[in-house]
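Residue numbers (the numbering used here): 61 to 671.
So the structure is just underneath, and the comments pick up after that.
The structure is reproduced here in structure tokens:
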């Protein structure tokens, strides 16, 4: 029987001490974990409602039954409370809040304005460099495609400064007419600057003006009998037409807007965000917020909007598919944050309603695919349980693999797979700490499992909850070591399956080991494909972790071993030469030419590699 009285008593004790101010409250359980983050214009009044209201929804009853502590942070106004609430929800991911799973920034296109020969590139993160930023784009792919088209039309360089400054002849991009060759002086600075200005105007939505300019230039080149230049201009106009049709100038004439639409079914929700900038559609992204099945779509959208823009730039207009209860507050807060007027509206008629209908359809289609995948995963989990006669239901599988080369740069890897697919936030890599284990696959497996599950048993250092099944990439020996390790930790009931390739290392002939028995699947069994797929993902992750460690080790072993080479000089050398290996092959004069490396240090570096 769920009893909310414990939580109500906690609130009662604190209520008289809480000032009548706006702010944020956090409800915590007996382990100090944050269960829920809420905000209020008047904290005591909001908290009092938890005590006085009689018919709470089940989710609130469950939350109050687990509440053992209350924490308060007052703010100067309600807008500040809204931003703090969104920040804390993203940071702590409380189990009773509606959660937006959004851990990535969106890509922008950046063109610098400080360089003599500006470069165009994709950019994520803070906008610290001075220049022009265009976006956001829904994905790296759509940003890359736009950059590729801009290269075709305007021939702007994409190479980084180190490559640009050290070229003696143009690269292949010049040969295929994607770059004007500024690195070797094939274009004048004024002419290059003009093409950069044209590219900026184009991405800003002035494509018709650029098209007219290119057409005029093509006609003039034809009149001057410069047919080679005319052909190049004709090809640039063709590329411009392609990008115009692909970007789809929108019917609703949305200059700077985000269209946000939600669709809810079977207790799950998909929210689609479409990005419109400079009258162009720059793609869309689907989100699947975590929430209680009984939450209303309007409340989910309300929480989504406040969390989504907590760390992102906000367009002038946000168009929603549903009314939200905190529209006025969110408008005011975002306007203050961006220092411009932000308008939130619900599309009700005309062309904007057509755009919303399209966004809702996308949300519905994405959710249906997600529900199908979840159902498919559930069937695969049940099939695995049946095949290996497991007594527990599977909701989460952890897969372990090791990677090393002759005992060097040894890394253990853990990946996780749940109802909704691979769970990247549960991925972990383990740098092998015990020296003797570095060349011992069994020792590595023992160390990795010990470290992972001891942490969970002791409940420390952001421990992960237990999986329902452990899958080991290995044979009978690895299975025995894994079983022995978990048994020593008291985890006798946690099932383990080992997956080993056939004698010829060919995929499709795997043998599985579990509880002293060997298992085989028929070659076309979907469950075999599923287990191969998650095994291959663990292998990929282990190898990428190993390569990263090895790459780091190479640069360390070469430069960090030289006395007198600190972080600043090391960075200067790597920025100048591109790699530690390039420093090794450089002449003394080349090393001396690096900024911050005086003659004495240059000789020390040169002698280190050549004595």
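All C-beta atoms in this analysis are idealised placements derived from N, C-alpha and C, irrespective of residue type, glycine included.
Note that this is a predicted model, so its numbers are computed, not measured.
For residue 549 and residue 518, I'd like the C-alpha separation in whole angstroms. 11 Å
By Cβ distance, which residues of its chain are closer than 7 Å to residue 590, with the 5 residues on each side in sequence left out? Result list for residue 590: 440, in chain order.
With a CB to CB cut of under 7 Å and the five nearest residues on each side skipped, what residues in its chain are close to residue 506? 541 and 545.
Option nearest residue 429 by Cα separation, candidates 259, 607, 330 and 297: 330
Quick one: is residue 270 near chain C, going by C-beta distance under 8 Å? Considering every chain present, this structure includes no chain C. It has just one protein chain.
Given a cut-off of 8 Å, decide if residue 479 and residue 512 are closer than it, judged by their beta-carbon atoms. No. Outside cutoff.
Name the one or two DSSP bridge partners that residue 327 has. None; residue 327 has no bridge partner.
Under DSSP, the beta strand (DSSP E) around residue 286 begins and ends at which residues? Per DSSP, residue 286 belongs to no beta strand (DSSP E) and is neither H nor E.
Could you pull out every residue in the same chain whose Cβ sits closer than 7 Å to the Cβ of residue 362, ignoring the five residues on either side in sequence? 384, 385 and 386
Residue ranges of each beta strand (DSSP E) within the stretch 448-519, 3 or longer: 456-465, 468-478 and 488-491
Going straight from the alpha carbon of residue 322 to that of residue 409, what length do you get? 18 Å
Spatial distance of residue 125 from residue 509 (CA atoms): 35 Å
Please classify residue 332 as buried or exposed, where buried requires at least 16 other C-beta atoms within 10 Å of its C-beta. buried
Quick one: what's got a C-beta closer than 7 Å to residue 247's C-beta in the same chain, skipping five residues either side? 240 and 241
Go ahead and pull the three-state DSSP assignment for residue 403. strand
Just the Cα atoms here: how many angstroms apart are residue 200 and residue 449? One C-alpha to the other measures close to 43 Å.
For residue 93, three-class secondary structure by DSSP: coil
Among 75, 492 and 236, whose alpha-carbon lies nearest the alpha-carbon of residue 111? Taking residue 111 as reference, the option from 75, 492 and 236 with the minimal CA-CA separation is 75.
If we count Cβ pairs, one from each stretch, closer than 8 Å, do we get three or more for the stretch 117-135 versus the stretch 64-81? yes
Could you name each continuous alpha helix (DSSP H) segment of 4 residues or more that falls completely within the stretch 415-453, going from the start of the chain to the end? none
In or out: residue 608 buried (at least 16 other Cβ within 10 Å) or exposed? exposed
Count the other CB atoms within 10 Å of the CB of residue 193; is the residue buried (16 or more) or exposed (fewer)? exposed
Cα separation between residue 71 and residue 96? 14 Å
Measuring CB atoms only, is the stretch 171-189 touching the stretch 148-158, in the sense that at least three cross pairs come out at less than 8 Å? no
Can you find the residues in the same chain that come closer than 6 Å, C-beta to C-beta, to residue 308, ignoring five residues on each side of it along the sequence? Annotation note: pLDDT 49 at residue 308 (below 50); position unreliable, coordinate value reported separately. Counting only Cβ-Cβ distances below 6 Å, and skipping sequence neighbours, we find 341.
Compute the Euclidean distance between the alpha carbons of residue 289 and residue 190, then round it to the nearest angstrom. 33 Å
For residue 258 and residue 249, the rounded distance between their alpha carbons: 14 Å
Reduced DSSP category for residue 199 - H, G, I as helix; E, B as strand; rest coil: Residue 199 falls in the coil class under three-state DSSP.
Would you mind reading off the limits of the beta strand (DSSP E) that contains residue 578? 577-579
Assess, as a yes-or-no matter, whether the stretch 373-381 is touched by the stretch 400-418 under the definition of 3 or more beta carbon pairs within less than 8 Å. With the cut-off at 8 Å, the stretch 400-418 and the stretch 373-381 touch.
List the endpoints of the continuous alpha helix (DSSP H) containing residue 368. 357-368
Does the stretch 452-462 touch the stretch 523-542, meaning 3 or more C-beta pairs lie closer than 8 Å? yes
Check the C-beta distance from residue 324 over to residue 357 and give it rounded, since I have them as a contact under 8 Å. 5 Å
Based on the DSSP output, what are the partners of residue 183 in its beta bridges? 168
Would you check if the distance between the CB atom of residue 483 and the CB atom of residue 476 is smaller than 8 Å? For residue 483 and residue 476, yes; Cβs fall inside 8 Å.
For residue 88, the residue or residues it bridges with in DSSP: According to DSSP, residue 88 bridges with 94 and 129.
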